[in-house]
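K.L.:
Just so you know, the sequence shown maps onto residues 811 to 1047 in the numbering used here.
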Amino acid sequence: MTKLSVNINKVATLRNARGGDVPNVVKVALDCERFGAEGITVHPRPDERHIRKSDVYDLKPLLKTEFNIEGYPAPEFIDLVLKVKPHQVTLVPDSPVQLTSNSGWDTKLNYDFLTEILETCNNAGIRTSVFVSADAEMIEYAAKAGADRVELYTEPYATAYEKNPEAAVAPFIAAANIARSLGLGINAGHDLSLLNLNFFYKNIPWIEEVSIGHALISDALYLGLEKTIQEYKNCLR
Ligand code: PXP
811 MTKLSVNINK VATLRNARGG DVPNVVKVAL DCERFGAEGI TVHPRPDERH
861 IRKSDVYDLK PLLKTEFNIE GYPAPEFIDL VLKVKPHQVT LVPDSPVQLT
911 SNSGWDTKLN YDFLTEILET CNNAGIRTSV FVSADAEMIE YAAKAGADRV
961 ELYTEPYATA YEKNPEAAVA PFIAAANIAR SLGLGINAGH DLSLLNLNFF
1011 YKNIPWIEEV SIGHALISDA LYLGLEKTIQ EYKNCLR
């Protein structure tokens, strides 16, 4: 079964626009779970422009599903992760000023750095995932560095999907096969949507988790959160 993890950063962005507590990030996360999400993802950044550190601490004792914290593994981020001990940490190579993550790791270039961070997280009993492009060498080095899983960066798939779905998904099938042969679990995320998710899933049904934020929260404006989550889950069947 492929789990749907809802990335709630956009909910925090909306809350932060007014400075108060509407919408309440914890309530939305718990409602996502109630409506069928199998996980919650947050991406705290150093400037706290979306999710704040305090949100991460507030969420941890209340979530009943998988908690995934993603972000750039700066010392402050790793400190937060080790204190909170989520089910999974996803290492993302985004700089603090970046609007959103727009590439996977160069796991070869950052091999020593990633190996050390992965060992720290693994020793703390936290499952690790490394955000990578659909690139055999990057996946091989993620495995060598000690990752439990890779998260495939699906923005190129989403962009190419509209023109040619088969061609768009082909490199991801190859990448997922390589990851599987190396014993890595496979997650996926970025720009997955109601339009492109089912085709991705049908071609790589052994994916363990998709994490989806932007499109899902946008769809919820029209469909409501409960129906939206059900629709995304329907794409994973
Ligand atoms: N996975 C990672 C590593 C991300 O950085 C993001 C965006 O924060 C997502 C998944 C979710 O992407 P989207 O918001 O496009 O669904």
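No residue lacks a Cβ here, since even glycine has one placed at the ideal position from N, Cα and C.
None of these values were measured; they are calculated from a predicted model.
When every heavy atom of the ligand PXP is checked, does at least one fall within less than 7 Å of the C-beta of Asn819?
P.N.:
Checking every heavy atom of the ligand PXP against the Cβ of Asn819, one is found closer than 7 Å.
K.L.:
Which full runs of the beta strand (DSSP E) of 3+ residues lie inside the segment 914 to 974, going along the chain?
P.N.:
Runs of the beta strand (DSSP E) inside the segment 914 to 974: 937 to 942, 959 to 963.
K.L.:
Could you tell me whether the Cβ atoms of Thr964 and Phe1010 are closer together than 8 Å?
P.N.:
Result yes, Cβ atoms of Thr964 and Phe1010 sit closer than 8 Å.
K.L.:
Helix, strand or coil, according to DSSP, for Thr1038 in the structure here?
P.N.:
Three-state DSSP puts Thr1038 in a helix.
K.L.:
Label Lys1012 either buried or exposed according to how many other C-beta atoms from any shown protein chain fall within 10 Å of its C-beta, with 16 as the threshold for buried.
P.N.:
By the neighbour-count rule (16 or more Cβ atoms within 10 Å), Lys1012 is not buried but exposed.
K.L.:
To the nearest angstrom, how far is the alpha carbon of Ile949 from that of Glu1036?
P.N.:
Rounded to the nearest angstrom, the two C-alpha atoms are 35 Å apart.
K.L.:
How about Asn817 and Ser1003: are their beta carbons less than 8 Å apart?
P.N.:
It is not a contact, given that the beta carbons lie outside the stated cut-off.
K.L.:
When DSSP builds the beta bridges, which residues end up paired with Val816?
P.N.:
Partner(s): Ile850, Ile1022.
K.L.:
Just to confirm before moving on: does the CB-CB distance between Ile927 and Ile888 stay below 8 Å?
P.N.:
Yes; because the gap between Cβ atoms is below 8 Å, this pair is in contact.
K.L.:
Nearest to Asp1001 by alpha carbon, out of Ser913, Lys918, Ala952?
P.N.:
Residue Ser913 is the option with its Cα nearest to Asp1001.
K.L.:
Could you tell me which residues DSSP puts in a beta bridge with Phe877?
P.N.:
Note: Phe877 sits in a beta bridge opposite Ile850.
K.L.:
Compare the beta carbon distance of Gly956 and Asn932 with 8 Å and say whether it is the shorter of the two.
P.N.:
Yes, the Cβ-Cβ distance between Gly956 and Asn932 is below 8 Å.
K.L.:
Check whether the Cβ of Ala1050 lies closer than 7 Å to any heavy atom of the ligand PXP, and answer yes or no.
P.N.:
Outside the shown range of the chain, which is 811 to 1047, sits residue 1050, and nothing can be said about it.
K.L.:
Which residues bound the beta strand (DSSP E) around Ile996?
P.N.:
Per DSSP, Ile996 belongs to the beta strand (DSSP E) from 995 to 999.
K.L.:
Looking only at its chain, what residues have a beta carbon closer than 8 Å to the beta carbon of Glu1018, apart from the 5 residues adjacent to it on each side?
P.N.:
So the list reads Thr812, Lys813, Arg959, Gly995, Ile996, Asn997, once near-sequence residues are dropped.
K.L.:
Taking 8 Å as the cut-off, decide whether the C-beta atoms of Asn826 and Arg859 are in contact.
P.N.:
For Asn826 and Arg859, yes; Cβs fall inside 8 Å.
K.L.:
Do Leu962 and Ala985 have their C-beta atoms within less than 8 Å of each other?
P.N.:
Taking 8 Å as the Cβ cut-off, Leu962 and Ala985 qualify as a contacting pair.
K.L.:
Do you know whose CA, among Ile988, Asn834, Tyr951, lies nearest Thr917's CA?
P.N.:
Per the Cα distances, Tyr951.
K.L.:
Say the cut is 7 Å; is the CB of Ile1039 nearer than that to a heavy atom of the ligand PXP?
P.N.:
Flag unset: Cβ of Ile1039 not near the ligand PXP.
K.L.:
If we ignore side chains and look at the alpha-carbon of each, how far apart do Phe923 and Tyr1032 end up?
P.N.:
Computed Cα separation, rounded: 43 Å.
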